[in-house]
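Single-structure report; data block below.
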Amino acid sequence: MPTNKQRRVAAQRRLQKQLERRAELARRRRRNLLVVVTVVAVVLVAGAVALVAGLGGEDDPGADAAASSSAAATAAPATTNADGTVTCTYAPDTSGNTDLVDVGTPPDPASTPATGTVPVLMSTSQGDIPLTLDRAKAPCAAASFTHLASQQFFDGTICHREVNQPTFGVLQCGDPSGTGSGGPSYTYAEEVTPETTYPRGTIAMANSGAPGSTASQFFLVFTDSQLPPDYTVVGTVDETGLAVLDTIAAAGNDGSFEPSPGGGAPNVPVTITSMTVVA
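Read in order, the letters of the sequence shown are residues 3 to 281 in our numbering.
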């Protein structure tokens, strides 16, 4: 039986191959556009892919797998202040991606709260999914998520991708374009450690695979998922929300993202009717 280290190495190799294939697909799909979109990767581990904010995902939740994220790479990691808050850097996305929506950046990034939790109600066409954002674990991601929700950024958007595999079960959302390539006009650094994992009930942020490319796309994990520790875990989904996700997963997907990055649009369409920060 392979060790964790061997599985990690194998996963990284598979991911690299998937990113290369995804890059070629992205170039073909966008040959008529002025620029290639950046932000869409979904890691493939044991047959599962990583999503990104770009085409199919951020589906990685995140950016198009091979999309170039020169702007995203400038987003610096958070630094801790003397009062316990952190300073977050939200870097402008200058990629030229036309699927971005400008709603400004999170307020007071130099004094971002790093303690406590934020309850958020994700109301969808398939039922309510209560979320809890963890400021202590991912203060910059929690601040960004809260800001986007307050600006109605998520309202009326679809969850464009669902993957249902034994070791990779997720619903990916957070793209206003519904294509997998959209996001806000900024990116920020990932908040991860080597111990970051993605068990059932996790809310994690997608990225393009490049440092500092996290944006708005996120994935809700309904099956313990074996992914490398590259995606910021911003919170959890409660049992009520997991029941809704299980119903969505049971209907499967249309396979439109097969064979790479995997999965497809949910067979039961999922629209976020509202994302509300609960006072």
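Even for Gly, the Cβ is constructed at its ideal location relative to N, Cα and C.
Note that the coordinates shown come from a computational prediction; the quantities given were computed from them, not determined experimentally.
CB-CB length for residue i against residue j, believed under 8 Å
i: THR234; j: GLU192; result: 5 Å
i: ALA116; j: ALA138; result: 6 Å
i: THR87; j: THR81; result: In fact, because the Cβ distance is near 10 Å, the residues do not count as touching under 8 Å.
i: ALA145; j: PRO108; result: 5 Å
i: ILE250; j: VAL270; result: 6 Å
i: GLN153; j: HIS162; result: With 8 Å as the limit, GLN153 and HIS162 do not qualify as a contact, their Cβ atoms being about 20 Å apart.
i: PRO205; j: GLY180; result: In the sequence as displayed, the identity of residue 205 is Ile instead of Pro. Rounded, the Cβ-Cβ distance is 20 Å, inconsistent with contact.
i: GLY254; j: ASN166; result: 6 Å
Beta-carbon contacts of residue i that lie in its chain and below 8 Å, excluding the five residues immediately before and after
i: ASP104; result: PRO186 and SER187
i: ARG231; result: One point to set straight first is that residue 231 is Pro, not Arg, in the sequence displayed. VAL194, THR195, PRO196, GLU197, THR198 and THR199.
i: LEU244; result: ARG202, GLY203 and PHE224
Neighbourhood of residue i by C-beta, 7 Å cutoff - its chain only, sequence neighbours within 5 removed
i: PRO261; result: none
i: GLY129; result: VAL246
i: ASP136; result: THR119, ALA144, VAL236 and GLY237
Pairwise C-alpha distance: residue j and residue i
i: THR119; j: PRO263; result: 32 Å
i: PRO121; j: ILE131; result: 11 Å
i: GLN228; j: GLY171; result: 10 Å
i: PRO268; j: SER258; result: 10 Å
i: ALA217; j: THR169; result: 25 Å
i: PRO79; j: ALA140; result: 11 Å
i: THR273; j: GLU164; result: 13 Å
i: PHE155; j: GLN219; result: 11 Å
i: ASP248; j: ALA84; result: 43 Å
i: SER113; j: PHE221; result: 27 Å
i: ASP110; j: GLY237; result: 21 Å
i: LEU123; j: VAL279; result: 6 Å
i: SER1; j: GLY176; result: Nothing about residue 1 can be reported from this structure: the residues present for the chain run from 3 to 281 only.
i: CYS142; j: ALA212; result: 17 Å
i: TYR92; j: GLY182; result: 21 Å
i: ALA77; j: SER210; result: 13 Å
i: GLY106; j: ALA252; result: 37 Å
Assigned exposure category for residue i - 16 Cβ within 10 Å defines buried
i: SER215; result: buried
i: SER71; result: Low per-residue confidence applies at SER71: pLDDT is 34, beneath 50, and the placement is therefore not dependable enough to give any value.
i: ALA69; result: The predicted model places ALA69 with a pLDDT of 33, which falls under 50 and marks its position as unreliable; any figure quoted below should be read in that light. The residue is buried, with at least 16 neighbouring Cβ atoms inside 10 Å.
i: GLU197; result: exposed
i: GLY158; result: exposed
Beta-carbon proximity list for residue i, same chain, < 6 Å, skipping 5 on both sides
i: SER125; result: THR275 and SER276
i: ARG33; result: Residue confidence is low: ARG33 scores 33 on pLDDT, short of 50, so the model does not pin down where it sits. Its coordinate-derived value is still stated next. Correct list: empty, nothing qualifies.
i: GLY266; result: ASN255, ASP256, GLY257, SER258 and PHE259
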